[in-house]
Amino acid sequence: MSHVRIETSISGSEKHVNAIYKTPKIGSSCSSNVWLPLLVTSCVPVLFVPIAESAFAANVTVIPASKENIASVTSVQSAIDGTICGGPDHGICTCGTCSCFDSWSGDNCECTTDTSGCKAPSNDALCSGHGDCSCGRCICDKSFYGPFCETKDGEQPALCSSYEDCIRCAVYEINDIPCQNLDKKCREKIGLYKVELIVTTEDFLNCTFRFNDEENVCDYKFSYAITTKGETLLKVQNFQCKEIDLIAAGLGIAVAIVVGDFGYVAPAFGDAFNVGTEETFAFSNNVQVGNAKNATVSFGYRAMATVIVGSVWGNEETKLLKIQIQKPKLVSIPDEHIGVIVGMESPFYAWWNLGLIREVYFATSDTIPVKNLKKGICALFQYQLLDGTYTEDDPSGQCEAKYISHSSTRYHKSKGNCQYDAKRMERHEYVLRSSLKTSRSTDYTVSTDGALQKVTSQDYVKYLLNAHDQIGAYYESIMQLNVQGSAQKTATVEGSSLEAIVEQLGLQRETLLTQEFKTPCKDNNCDSVISLFKQYKNSLSNGNVGKEVSATALVDMVLVARKATKEDLLRVLKAKSSTEIKGQLLDLLGAVQTVAAHEAAKSEFLNDSEDEDMFLGERYLQALAVATRPQKEIVEDLLQMAQTEHRNVKFYDSLIQSMTAVTRRYAQLEGNSYETEVVKKVVALLQEKLDECSNDSCKLKYIRGFQNLKCPKTVDNLFKLAQESTKAVSVAAMKALRSFSVYLWNDEYRAKFEDIFFQVSKRYDSSARTLALDILLDMKPDYDELSHLLQFLKSSDKAYEVKQYLLQKLRMIAEQCTDFAMMLKSVIENDPVLNNYHVLAPRGLSTALSRKFSTAPSFNASLTSLQEMSGGVLKRGIVDLTLDVDNEKTSLFTLGLYAGGMSSFVSSNDEDSNDVEEEDTTAGMELLVQGVAMRPLEFFNGKGELMGHVWSGTASEPTPAYQAITLLQDNEEQFASHNGVILTLRSTGAISIDLNGQVTMSLWGRNAQSKVEQNTGISMIGWLSLDTSFTTVNVQFSVEQEPQLHLTSALDFSGDPALCMQLMQPKSALKQRFAKTITLVGTSHRVLRKTSKTMKLNGLTHSLNRKNNDMCNLISKS
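Using numbering that gives the first Met the number 0, you'd call the opening residue of the sequence shown number 0 and step up by one each time.
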């Protein structure tokens, strides 16, 4: 037994921990409840203990344990607080290993999976978009720091103002002022917090809060950090300040503020914008856009002008500024084509108050884009000369502005947490979202008297696809002001008040906030859904389904079709040239998901119609189920339609699946939940319909609906169906439960899944058992739980295929997770009965594997294949293609095959084949598109129907199983830039799928072959654009690929069944395109730059496992 003693001390908190641990010898039985990683150096064990206590350094001293200090410690404890496995709420310790509860991970369950600690107040972006969330804490990108990566190097912390209510409350308490409401506001914004008073000055106290009373104006230095318990810790310098010293000096006032020991003299705005004077500035705005991964080529425009600013009314604190813009110029970059900026001649006015622009006043003739540009220029005259955090309104919204002085004349401002209606729409799945990274800063140079001399303001935006972060665009805008000459006299205006002057001049009152603008279409030059239909109808042909061109067509059409009227959409549907491509047009209407599109589709196909029309109606419903922008009106209409069962059974099945899938997405919208009224009505209808069912086929339909709805309240009912119903219903209920988030399952549910897998209370179908096993493994079993599962391999249960499935799944997970592999190895090695060839190599053909489908430069995608066999033939098979980003996965397409009652056609010496209960002969295909279960495709039902296919050969021809074009990305947002420009950022993607299958069977030769081909076209397109009255700039980037997947199988049942499976990816190509355009008013020249790159990707055949290879060799020789 080895021992180690740990002593820790944390500076600033005087917290000391002394602990002695004993650890088991390698290979010995477990005698303590802890497994601690030890590094043994010179025979002295050294324990590495992670220390995390807010933002303060910990000193760890490792001391070899003496005999006097050795204690019989039998549990692993945290070196910080002595808790076992993070405490009773984090996990439990079993035989040296911590088994963590949901929401916790790590060797000692010290790592939370909750990401809320990575979100700054009033900001939903993880780590402010500048880092990665790990263990509930942010790991910042280079050049960013802070608990939320919210601050750029060289800038003041970005969240100082978020904590001002908390600091103000503490200041009020020190000064005996009630602060109950402030405390409540603070807790609503940041949650739990505490304030700690610091006596001495610390370097990290880099936020400033100003407190005013009748006699004092005091600045308090403070810092913020997040503790390991998720609590906000605010450290504030002791509350001691002196009275301010007001000294009148000429036209202005210099305010000397002395706070504690860090005194400084900050000039006020005594010489800034003196009433009756004006100054001239040279203004420029360089705007460049381009490829986010290759920003070497300059492309954009430069605006220039002379700006004259005069103070025409006011006093030392409040002034009315008159601003005139003269000689505006516009040129393109790099071509230097000259454009024009019109409408800038009328002066505008600004209410300037102690460095803040409170309001702006315009002539009634000024247009929106003119006012936006003027606001951008006006905002440059908004600045502060005291370090601290201020709330400012500017063209970017209401922002937190952090000022830090570099000298007595140079100041730096960074902006963050700008509150602006971004009109954000995004996918719920992280993998299919886009990321927006921004940086906003301004540098000011003033005279020794505080008058503005030079301003440089920069906005930087990077927009990337999460699914392929090598594809994206950037935008950079740099505005500069430079004073020209000295101040001159100017005329003033007379008025008793600011309001009176504004009314006298007939001006319109506005804030600095930018207004949205879009250049109206001229000369019928705007795209319409009808014109785009004519352009893309060939791309949407049946022969192009499964190819990139059809996916690109859908992407380009969906944006315009969302603005189309019902009448225009009906014109497209009823056009003669649309007859052959109506399926693809219905894919478009489903993706559009507007009320107009729904009514157009419904009036054309969703009424009582012929069977062919019902097939097309199903096509629309399937597209609607996968669409991303659910409307309440559509949910209500689908609910109304589902009240009465349709005479077409297949159509009604698709209606149920579409209604539930759309309802789930509607419940996920901000402000909605499963408690939203219309959602509750859908749940109630499903349950009511299910209760009325008298046969299995009826129940299966509504169980699939529950699978698509994923309402947590339906879990208990699904468990009841799984445990008490027929085989078919039990398996369907288990499939539905498998689709729920693993975080729903607790120990009570674990026991129920174990009951099904181990058949404790009754016998279950093998598919129900393997599905229960899938869920138990998804729950990340600990050492004891894994050991318990492995006991099944030693049992006398003759379900060898289930045993083989368990082994295959364990091997698959072990290949993906090193920690799991080590734990699995330990369990097997510590159990001599289990560690035996006859136990670990059971008979059976079931397989489970996961392979990389593609990597950079293509998309990161994985392929998972699960094949459950029974009696020598396939019983349940799944091939799942997922898109992977970081640790997130999103299923793009899942192909499921099922069969039953086929063992009688296959001779088998397997003992378990004789133990299988007789069941109906059936086979079919189940499809999930982006996690949405579609109506299954049935191949045959009954032996007579099967033999009919065999003798007629109808199954020998390739049969279409699924053809559709559906949306992938569907994201849109706006970014208000400092120069009055609004960026529109969009990313839209689509996947076009053509799936067909072929089966041949020879009873004479006693063999069967099957082939499933999936042809896929993927198109992902992003846009960064801006539109003003004088220029239009567009950046478009795209990535396209046509990956294919072929799954073939050969079964020889002339003797002992032999199954050979092959999974192949033919070679393909990845295309990246990038286009930039700029159009200037005043010139007919349109600057266009295009680049493209094609990368060839080799084909491959996936290696499955050794047993499959042996089977393939055996069949090839027969």
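Just so it is clear, CB atoms sit at the ideal spot from N, CA and C, and this is done for glycine as well.
Using the Cβ count rule (16 or more neighbours within 10 Å means buried), how would you classify Glu391? Classification for Glu391: buried.
Starting from Gln418, follow the beta strand (DSSP E) in both directions and report where the run begins and ends. Arg409 to Gln418
Would you call the CB atoms of Leu615 and Leu588 closer than 8 Å? no
Which residues in the same chain as His427 place their Cβ atom closer than 6 Å to its Cβ, once the five residues preceding and following it in sequence are excluded? Leaving aside the five residues that flank His427 on each side, the residues in its chain whose CB is nearer than 6 Å to its CB run, in chain order, Gln667.
When DSSP labels each residue in this structure, what does Glu109 get in the three-state scheme? When secondary structure is reduced to three states using DSSP, Glu109 falls in the coil class, being assigned neither helix nor strand.
State the DSSP-derived secondary structure class of Phe282, mapped to helix, strand or coil. strand
Starting from Glu875 and walking both ways along the alpha helix (DSSP H), at which residues does that stretch end? A small fix is needed here, since residue 875 is Arg in this sequence, not Glu. It is not in any alpha helix (DSSP H) - Arg875 instead sits in the beta strand (DSSP E) that spans Val872 to Val884.
Distance check for Ile307 and Ile337, CA to CA, integer angstroms please. 23 Å
Would you report the Cα separation of Trp818 and Phe852, rounded to the nearest angstrom? One detail in the question is off: residue 818 reads as Asp in this sequence, not Trp. Asp818 and Phe852: Cα-Cα distance of roughly 23 Å.
Check for me: the alpha helix (DSSP H) holding Asp818 runs from which residue to which? Thr817 to Glu828
Taking Lys679 as part of the alpha helix (DSSP H), name the residues at either end of that continuous run. Glu676 to Glu691
Between the Cα of Ala421 and the Cα atoms of Gly505, Leu385, Glu515 and Met1063, which residue gives the shortest distance? Nearest C-alpha to Ala421: Glu515.
Determine the extent of the alpha helix (DSSP H) in which Met343 is found, giving its start and end residues. No alpha helix (DSSP H) holds Met343; DSSP gives it neither H nor E.
Taking only the alpha-carbon atoms, compute the straight-line gap between Lys370 and Phe361 and give it to the nearest angstrom. 7 Å
My output table needs one value for Tyr799: the three-state DSSP class, helix, strand or coil. helix
Can you give me the Cβ contacts of Gln483 inside the same chain, cut-off strictly under 6 Å, excluding the 5 residues immediately before and after it? Cβ contact annotation for Gln483 (same chain, cutoff 6 Å, sequence separation greater than five): Thr279 and Ala281, in chain order.
Are there three or more Cβ pairs, one per stretch, closer than 8 Å when the stretch 308-320 is compared with the stretch 1054-1068? no
Which parts of the stretch 964-999 are runs of the beta strand (DSSP E), unbroken and 3 residues or longer, counting only runs that do not cross its ends? none
Okay, do the stretch 769-782 and the stretch 730-743 touch, 3+ Cβ pairs below 8 Å being the bar? Yes, they touch.
Collapsed DSSP secondary structure at Thr1031 in the structure displayed: strand
Residue nearest to Ser794 in terms of C-alpha spacing, selected from Phe757, Leu823 and Ser825: Phe757
Ala626 beta carbon near the ligand PLP (any heavy atom closer than 7 Å): Ligands are entirely absent from the displayed structure, and the ligand PLP is therefore not among its contents.
Given a threshold of 16 other Cβ atoms within 10 Å of its Cβ, counted over all protein chains shown, does Ile580 qualify as buried or as exposed? buried
Start and end of the beta strand (DSSP E) containing Phe361? Leu355 to Phe361
Could you pull the DSSP bridge partners for Asp764 from this structure? None; Asp764 has no bridge partner.
Could you check whether Leu480 and Leu620 sit closer than 8 Å to each other, using their CB atoms as the reference points? no
On the criterion of 16 or more Cβ atoms from any shown chain inside 10 Å, does Leu191 qualify as buried, or is it exposed? exposed
Measure the alpha-carbon distance for Tyr748 versus Tyr742 and round it to whole angstroms. Take the alpha-carbon of Tyr748 and the one of Tyr742: they are about 11 Å apart.
Which two residues bound the contiguous beta strand (DSSP E) that contains Tyr474? First-last of the beta strand (DSSP E) with Tyr474: His467 to Lys488.
Determine the contact status of Pro841 and Gln803, defining contact as a CB-CB distance below 8 Å. yes
Once DSSP output is grouped into helix, strand and coil, what is the label at Tyr748? helix
Which one of Met811, Lys888 and Leu839 has the shortest CA to CA distance from Tyr429? Taking only the C-alpha atoms, the option nearest Tyr429 is Lys888.
Does the beta-carbon of Asp1109 have 16 or more other beta-carbons within 10 angstroms, so that it is buried, or is it exposed? exposed
Count the other CB atoms within 10 Å of the CB of Ser977; is the residue buried (16 or more) or exposed (fewer)? It should be pointed out that residue 977 corresponds to His in this sequence rather than to Ser. Buried, by the Cβ-count rule.
Between the CA atoms of Ile812 and Asp695 - distance to the nearest angstrom: Their Cα atoms are separated by approximately 34 Å.
Residues near Val728 in its chain [Cβ-Cβ closer than 6 Å; skip 5 each side]: Asp695, Lys698 and Leu720
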